[in-house]
Ligand SMILES: NC(=O)c1ccc[n+]([C@@H]2O[C@H](COP(=O)([O-])OP(=O)(O)OC[C@H]3O[C@@H](n4cnc5c(N)ncnc54)[C@H](OP(=O)(O)O)[C@@H]3O)[C@@H](O)[C@H]2O)c1
């Protein structure tokens, strides 16, 4: 698929990996819908750092736990910039939920944002992609899906569900649309991550380091430029999944 001037929607594009991915798609000539929830300042910085005039791109706020907000987000994106050709489901929540203290509210929060939202976003853009004969969806999953972390079971379950959703969407939207996932290992530590946990991430990998945003960005670029890969999950984890 030729990416030049096509529209890409990146969720959670005001910070960290989402911001890095959005900047790369801009460098590839795409027009960006920069979605954010609370990070308005970061999202504005993303737009300012994209190549070309700011009017080529669009800033949209939405709480993706609200399905009506997802429908409105895609409506606004397509009315203002045109049909979405690339969707990167990046936004997610990651926080500890130990088995014996996790609440129903925490479960619903994580599963809704990390799994339900990508489903309804894909539904909202997928039909148009299929009828236009092209489109790509990339879902950010996680290295933890095969060996879930015991203190993060709702998160790991949401990402395991997203792996299944990725494969199912690839089937449902074929042959026009390619749907793939990227499974990062530890790439950017959460700001409040304990040193001990990070040490464990490094030790439990083959390459003995955490990754960089650029490692994920390169994987996104590959999946967008390949027209013969669909329904797969690409681990970008320094070998953590096979350690
Ligand atoms: N970083 C890593 O090492 C790593 C490892 C494995 C997998 N991943 C996956 O890669 C992706 C990006 O990771 P990251 O570390 O860059 O994420 P992050 O820093 O935790 O950012 C989370 C993003 O989700 C958005 N978000 C949170 N709640 C939302 C809501 N209710 N509605 C809409 N958006 C919401 C945030 O938007 P606002 O800031 O605008 O509120 C933010 O952009 C995630 O899917 C994550 O699970 C990351």
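Numbering (the numbering used here), first residue to last: 4 to 246. Just so it is clear, CB atoms sit at the ideal spot from N, CA and C, and this is done for glycine as well. Small disclaimer: the values here were computed from a predicted structure and weren't measured.
Which ranges does the beta strand (DSSP E) cover as unbroken runs of at least 3 residues, wholly within the segment 11 to 85, from first to last along the chain? You should have 34 to 39, 61 to 64.
Round the Cβ separation of residue 223 and residue 27 to the nearest angstrom and send it over; I've been treating them as touching at under 8 Å. The count along the chain shown starts at 1 and reaches residue 223 at position 220. The count along the chain shown starts at 1 and reaches residue 27 at position 24. Right, the Cβ-Cβ distance comes to about 7 Å (below 8 Å), so this counts as a contact.
Identity of the residue in 231, 220, 186, 219 nearest residue 245 by Cα: Mapped onto the chain shown, residue 245 falls at position 242. With distances taken between Cα atoms, residue 245 lies closest to 186.
Unbroken alpha helix (DSSP H) run spanning residue 157, endpoints: Counting from one through the chain shown, the residue named residue 157 turns up at place 154. Note, residue 157: alpha helix (DSSP H), 156 to 175.
Beta-carbon gap between residue 125 and residue 140 smaller than 8 Å: Residue numbering aside, residue 125 sits at position 122 when the chain shown is read from its first letter. Residue numbering aside, residue 140 sits at position 137 when the chain shown is read from its first letter. Yes, they are a contact pair.
Which ranges does the beta strand (DSSP E) cover as unbroken runs of at least 3 residues, wholly within the segment 114 to 144, from first to last along the chain? Within the segment 114 to 144, the complete beta strand (DSSP E) runs of at least 3 residues are 138 to 143.
Indicate, with yes or no, if ligand 1 has a heavy atom lying under 7 Å from the CB of residue 42. In the chain shown, residue 42 corresponds to position 39, counting from 1. Relative to ligand 1, the nearest heavy atom lies less than 7 Å away from the CB of residue 42.
Does any heavy atom of ligand 1 sit closer than 7 Å to the C-beta of residue 187? On the chain shown, residue 187 is found 184 positions in, with the first residue counted as 1. It does: the Cβ of residue 187 is within 7 Å (strictly closer) of some heavy atom of ligand 1.
If contact is defined by three or more beta carbon pairs under 8 Å, each pair taking one atom from either stretch, is the segment 11 to 20 in contact with the segment 89 to 96? Because the criterion of three Cβ pairs below 8 Å is met, the segment 89 to 96 and the segment 11 to 20 touch.
Cβ atoms of residue 166 and residue 236: under 8 Å apart, would you say? Translated into positions along the chain shown, residue 236 becomes position 233. Translated into positions along the chain shown, residue 166 becomes position 163. Against a cut-off of 8 Å, the Cβ pair of residue 166 and residue 236 comes out as a contact.
Under the three-state DSSP convention, the category residue 229 falls into: Position 226 of the chain shown holds residue 229. Judged by DSSP in its simplified three-state form, residue 229 adopts coil rather than helix or strand.
Extent of the continuous beta strand (DSSP E) run through residue 192: Counting from one through the chain shown, the residue named residue 192 turns up at place 189. Note, residue 192: premise wrong, no beta strand (DSSP E); not H, not E.
Just tell me which of 155, 240, 83, 200 has its CA closest to the CA of residue 188. Within the chain shown, the letter at position 185 stands for residue 188. The shortest CA-to-CA distance from residue 188 to any of 155, 240, 83, 200 is the one to 240.
Quick one, which of 41, 8, 98 has its alpha-carbon nearest residue 56's? Start at 1 with the first residue of the chain shown, and residue 56 comes out as number 53. Minimum Cα-Cα distance from residue 56 among the listed residues 41, 8, 98 corresponds to 8.
Can you tell me where the beta strand (DSSP E) with residue 94 in it begins and where it stops? Numbered from its first residue, the chain shown carries residue 94 at position 91. Run containing residue 94: none; DSSP gives neither H nor E here.
Can we count residue 145 as close to ligand 1, meaning its CB is less than 7 Å from some heavy atom? The sequence position of residue 145 within the chain shown is 142, counting from 1. In this structure, residue 145 has its beta carbon less than 7 Å from a heavy atom of ligand 1.
Three-state secondary structure (DSSP) of residue 219: The residue you call residue 219 lines up with position 216 of the chain shown. Of the three classes helix, strand and coil, the one that applies to residue 219 here is helix, per DSSP.
Are residue 87 and residue 96 close, meaning C-beta to C-beta below 8 Å? Locating residue 87 in the chain shown gives position 84, where the first residue counts as 1. Locating residue 96 in the chain shown gives position 93, where the first residue counts as 1. Not closer than 8 Å, so no.
Would you call the segment 149 to 156 in contact with the segment 119 to 138, where contact means no fewer than 3 C-beta pairs closer than 8 Å? Because the criterion of three Cβ pairs below 8 Å is not met, the segment 149 to 156 and the segment 119 to 138 do not touch.
Residue nearest to residue 168 in terms of C-alpha spacing, selected from 48, 115, 83, 234: In the chain shown, the residue the question calls residue 168 occupies position 165. Measuring from the Cα of residue 168, the nearest candidate turns out to be 234.
Can you determine whether any heavy atom of ligand 1 sits closer than 7 Å to the C-beta of residue 243, and answer yes or no? Taking the first residue of the chain shown as 1, we reach residue 243 at position 240. Incorrect: residue 243 has no Cβ contact closer than 7 Å to ligand 1.
When burial is assigned at 16 or more other CB atoms within 10 Å of the CB, is residue 101 buried or exposed? Along the chain shown, one-based indexing puts residue 101 at 98. Under this definition residue 101 is an exposed residue.
Rounded C-alpha distance that separates residue 99 from residue 107: Residue numbering aside, residue 99 sits at position 96 when the chain shown is read from its first letter. Residue numbering aside, residue 107 sits at position 104 when the chain shown is read from its first letter. When rounded, the separation of the alpha-carbon atoms in residue 99 and residue 107 is 14 Å.
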